[in-house]
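Visitor: Got a structure for you, questions after.
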DNA sequence: CGCATTTATGTGTATATACACCTTAATGCC
DNA sequence: GGCATTAAGGTGTATATACACATAAATGCG
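Protein chains in written order, with the UniProt record's numbering: chain A, 1 to 155; chain B, 1 to 155.
The structure is reproduced here in structure tokens:
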């Protein structure tokens with residue numbers, strides 16, 4: 001046979017391409033629902049990590065989100081500009097605590113049912129069993145990707 | 001029980017958050033491998049859709065990638081700037097064909113084993129069965145997200 | 001105490017992503 | 001043929017994302 005169509009495998013075999021492609025589409029669904037409160041899914045996720053919690057540092061929030069620290073800094077900017085969040089100096093004066101303002105809390109209360117509608121739409125489209133399987137696989141993958149790389153062991 | 005910790009569900013129950021979080025991490029793995037040829041995983045995916053194929057239009061490539069059309073335009077720019085691709089006018093003079101240059105083909109040949117190494121690392125970390133399950137669920141989800149929204153039916 | 005190191009953060013730069021809006025070319029209908 | 005409609009493409013603007021590099025504060029050790 002001599003590999004009849006090896007060329008296709010360079011894309012169809014790619015886990016990351018599939019992951020990103022599905023993430024693009026799914027993000028649009030959530031963003032369209034959340035547009036009514038002018039929040040993106042990423043901004044919603046940040047707020048979800050900030051309400052009902054001791055105000056975390058940028059570093060801690062980055063870990064919770066699985067984001068690069070500098071990405072968190074940039075992503076917080078529009079929310080701070082809208083007065084939904086503010087940064088407060090911590091006891092350790094290197095760090096900053098991220099505090100949700102009353103306006104932020106109010107917008108969060110408005111956003112919750114919109115997120116719920118988006119989430120319900122997704123579960124309806126994918127099916128309950130498939131959604132649960134997907135959650136399990138994504139969480140497991142995220143955890144395993146966070147483990148130390150063999151090539152990255154300390155010298 | 002009266003919902004002991006309802007607050008957590010606003011994030012932990014979110015399919016899109018999990019999807020994006022895992023995509024961020026996994027992208028870093030591929031990008032680090034592909035850095036040797038100065039390509040990102042997204043750029044690699046574009047090239048994979050362009051080699052060994054009749055040069056597609058921007059519109060067709062966007063459909064293959066599951067990307068917005070305008071995102072494809074922007075993402076092609078750095079590759080065109082490096083001389084890896086070029087745009088040619090089509091018979092239909094509204095459209096443009098995206099053609100891989102010899103330099104682009106040569107870089108593609110260099111990139112393939114690097115992608116392969118990244119993909120192998122992922123499959124090793126996640127496990128073969130989990131990787132296969134993930135592929136299936138992601139493809140199925142992408143397909144179902146592409147179906148017409150009930151709210152978006154034509155007037 | 002004093003300095004090297006570590007830790008927390010921010011900035012410059014570049015790509016990734018999509019929506020609203022605009023231009024141009026092909027199509028269809030009379 | 002002529003004009004309304006549709007289809008392909010690009011630009012302006014804004015967020016998302018991360019790496020390299022810079023800054024400032026806390027820590028640790030001699």
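Beta carbons: idealized from backbone N, C-alpha and C, even for Gly.
Please read these numbers as outputs of a predicted model, since none were measured by experiment.
#1: In chain order, what residues of the same chain lie with their CB nearer than 8 Å to the CB of residue 79 of chain A, ignoring the 5 residues before and after it?
#2: For chain B, find out if any of its Cβ atoms is closer than 8 Å to the Cβ of residue 110 of chain A; answer yes or no.
#3: To which residues of the same chain is residue 10 of chain B closer than 8 Å at the C-beta, ignoring the five residues directly before and after it?
#4: For residue 88 of chain A, which three-state DSSP category applies?
#5: Should residue 128 of chain A and residue 98 of chain A be called a contact, given that it needs their Cβ atoms to be closer than 8 Å?
#6: Could you tell me which chain B residues have their CB closer than 9 Å to the CB of residue 54 of chain A, listed as they occur along the chain?
#7: Given that residue 139 of chain A touches chain B, what residues does it touch there, using C-beta distances under 7 Å?
#8: With 8 Å set as the bound, which would you pick, yes or no: does the beta-carbon of residue 59 of chain B sit closer than that to a beta-carbon of chain A?
#9: Using DSSP with H/G/I as helix, E/B as strand and the rest coil, what is residue 96 of chain A?
#10: Reducing DSSP to helix, strand and coil, say where residue 104 of chain A ends up.
#11: Residue 138 of chain A and residue 22 of chain B - do their beta-carbons sit closer together than 8 Å?
#12: Expressed to the nearest angstrom, what Euclidean distance is found between the alpha-carbon atoms of residue 130 of chain B and residue 141 of chain A?
#13: Taking the C-alpha atoms as reference points, what is the distance between residue 25 of chain B and residue 145 of chain A?
#14: Quick check on the burial criterion: 16 or more other C-beta atoms within 10 angstroms. Buried or exposed for residue 132 of chain B?
#15: Could you tell me which chain A residues have their CB closer than 9 Å to the CB of residue 45 of chain B, listed as they occur along the chain?
#16: What residues in the segment 90-108 of chain A bring their beta carbon closer than 8 Å to a beta carbon of chain B?
#17: Look at residue 73 of chain B and residue 58 of chain B and say whether their C-beta atoms are less than 8 Å apart.
#18: Is the Cβ-Cβ distance between residue 29 of chain A and residue 122 of chain A less than 8 Å?
#19: The alpha helix (DSSP H) that contains residue 139 of chain B, what's its start and end?
#20: Find the residues of chain B that neighbour residue 63 of chain A, judging by a C-beta separation of less than 8 Å, and give them in chain order.
#21: Whole angstroms is fine: what's the gap from residue 77 of chain B's alpha carbon to residue 68 of chain B's?
#22: Report the three-state DSSP secondary structure of residue 1 of chain A (helix, strand or coil).
#23: For residue 143 of chain B, does the count of other Cβ atoms within 10 angstroms reach 16, so buried, or fall short, so exposed?
#24: Less than 8 Å between the beta carbons of residue 18 of chain A and residue 135 of chain B, yes or no?
#25: Apply the 10 Å Cβ neighbour rule to residue 112 of chain B and answer buried if 16 or more other Cβ atoms are within range, or exposed otherwise.
#26: Could you check the C-alpha separation between residue 88 of chain A and residue 41 of chain A for me, to the nearest Å?
#27: If you compare alpha carbons, which of A:100, A:117, A:92 is closest to residue 81 of chain A?
#28: Which residue or residues does DSSP assign as beta-bridge partners of residue 57 of chain B?
#29: Is it right to say residue 120 of chain A is buried, meaning 16 or more other beta carbons lie within 10 angstroms of its own, or is it exposed?
#30: Give the residues of chain B in contact with residue 130 of chain A, contact being defined as C-beta atoms less than 8 Å apart.
Guide: Looking at the atomic coordinates:
#1: As a first step, residue 79 of chain A is located in the first chain; it is residue number 79 there, counting from the start. So the list reads 43, 46, 47, 85, 104, once near-sequence residues are dropped.
#2: Taking the first residue of the first chain as position 1, residue 110 of chain A is located at position 110. The C-beta of residue 110 of chain A comes no closer than 8 Å to any C-beta of chain B.
#3: Position 10 of the second chain holds residue 10 of chain B. Here the set comprises nothing.
#4: As a first step, residue 88 of chain A must be located in the first chain, where it is residue number 88. Strand at residue 88 of chain A.
#5: What you label residue 128 of chain A is simply residue 128 of the first chain in a count that begins at 1. What you label residue 98 of chain A is simply residue 98 of the first chain in a count that begins at 1. No.
#6: The count along the first chain starts at 1 and reaches residue 54 of chain A at position 54. Within chain B, no C-beta atom comes nearer than 9 Å to that of residue 54 of chain A; the closest sits roughly 13 Å away.
#7: Taking the first chain and counting its residues from 1, one reaches residue 139 of chain A at position 139. Result: 18.
#8: Sequence index remark: in the second chain, residue 59 of chain B carries index 59 (1-based). Not a single C-beta of chain A is nearer than 8 Å to the C-beta of residue 59 of chain B.
#9: Within the first chain, residue 96 of chain A is the residue found at index 96, counting from 1. Residue state, collapsed to three classes: strand.
#10: Sequence index remark: in the first chain, residue 104 of chain A carries index 104 (1-based). In the three-state scheme derived from DSSP, where H, G and I count as helix and E and B as strand, residue 104 of chain A is classed as helix.
#11: On the second chain, position 22 is the one that residue 22 of chain B refers to. On the first chain, position 138 is the one that residue 138 of chain A refers to. Contact flag set, yes.
#12: Translated into the one-based positions of the second chain, residue 130 of chain B becomes position 130. Translated into the one-based positions of the first chain, residue 141 of chain A becomes position 141. Taking the straight line from one Cα to the other gives about 9 Å.
#13: As a working mapping, residue 25 of chain B is identified with position 25 in the second chain. As a working mapping, residue 145 of chain A is identified with position 145 in the first chain. Taking C-alpha positions only, residue 25 of chain B is separated from residue 145 of chain A by approximately 7 Å.
#14: In the second chain, counting from the first residue as 1, residue 132 of chain B sits at position 132. Label assigned to residue 132 of chain B: exposed.
#15: The sequence position of residue 45 of chain B within the second chain is 45, counting from 1. Those are 11, 14, 16, 17, 20, 21, listed as they occur along chain A.
#16: From the segment 90-108 of chain A, no residue has a Cβ closer than 8 Å to chain B.
#17: Locating residue 73 of chain B in the second chain gives position 73, counting from the first residue. Locating residue 58 of chain B in the second chain gives position 58, counting from the first residue. Their beta carbons are under 8 Å apart, which means residue 73 of chain B touches residue 58 of chain B by this criterion.
#18: One-based indexing of the first chain puts residue 29 of chain A at position 29. One-based indexing of the first chain puts residue 122 of chain A at position 122. Result yes, Cβ atoms of residue 29 of chain A and residue 122 of chain A sit closer than 8 Å.
#19: By 1-based counting over the second chain, the position of residue 139 of chain B is 139. Counting along the chain, residue 139 of chain B sits inside the alpha helix (DSSP H) bounded by residues 128-145.
#20: Sequence index remark: in the first chain, residue 63 of chain A carries index 63 (1-based). For residue 63 of chain A, there are no neighbours in chain B by C-beta distance under 8 Å, as the nearest C-beta there is about 11 Å away.
#21: Taking the first residue of the second chain as 1, we reach residue 77 of chain B at position 77. Taking the first residue of the second chain as 1, we reach residue 68 of chain B at position 68. For the pair residue 77 of chain B and residue 68 of chain B, the Cα-to-Cα distance works out to about 15 Å.
#22: Position 1 of the first chain, counted from the start, is the residue given in the question as residue 1 of chain A. Here residue 1 of chain A scores only 44 on pLDDT, less than 50, and its place in the model should not be relied on; the value that follows carries that caveat. Here residue 1 of chain A sits in coil by DSSP.
#23: On the second chain, position 143 is the one that residue 143 of chain B refers to. By the C-beta density criterion, residue 143 of chain B is exposed, having fewer than 16 other C-beta atoms within 10 angstroms.
#24: Numbered from its first residue, the first chain carries residue 18 of chain A at position 18. Numbered from its first residue, the second chain carries residue 135 of chain B at position 135. At a Cβ-Cβ threshold of 8 Å, residue 18 of chain A and residue 135 of chain B count as neighbours.
#25: Against the second chain, residue 112 of chain B aligns to sequence position 112. Buried, because 16 or more other Cβ atoms sit within 10 Å of the Cβ of residue 112 of chain B.
#26: For the purposes of this step, residue 88 of chain A is taken as the residue at position 88 of the first chain. For the purposes of this step, residue 41 of chain A is taken as the residue at position 41 of the first chain. One Cα belongs to residue 88 of chain A, the other to residue 41 of chain A, and the distance between them is close to 25 Å.
#27: Position 81 of the first chain, counted from the first residue, corresponds to residue 81 of chain A. Checked all of A:100, A:117, A:92; the closest Cα to residue 81 of chain A is A:100.
#28: As a working note, residue 57 of chain B is residue 57 in the second chain. Residue 57 of chain B is bridged by DSSP to B:97.
#29: Position 120 of the first chain, counted from the first residue, corresponds to residue 120 of chain A. Exposed: under 16 other Cβ atoms inside 10 Å.
#30: Counting from one through the first chain, the residue named residue 130 of chain A turns up at place 130. By Cβ distance, chain B contributes 137, 140, 141.
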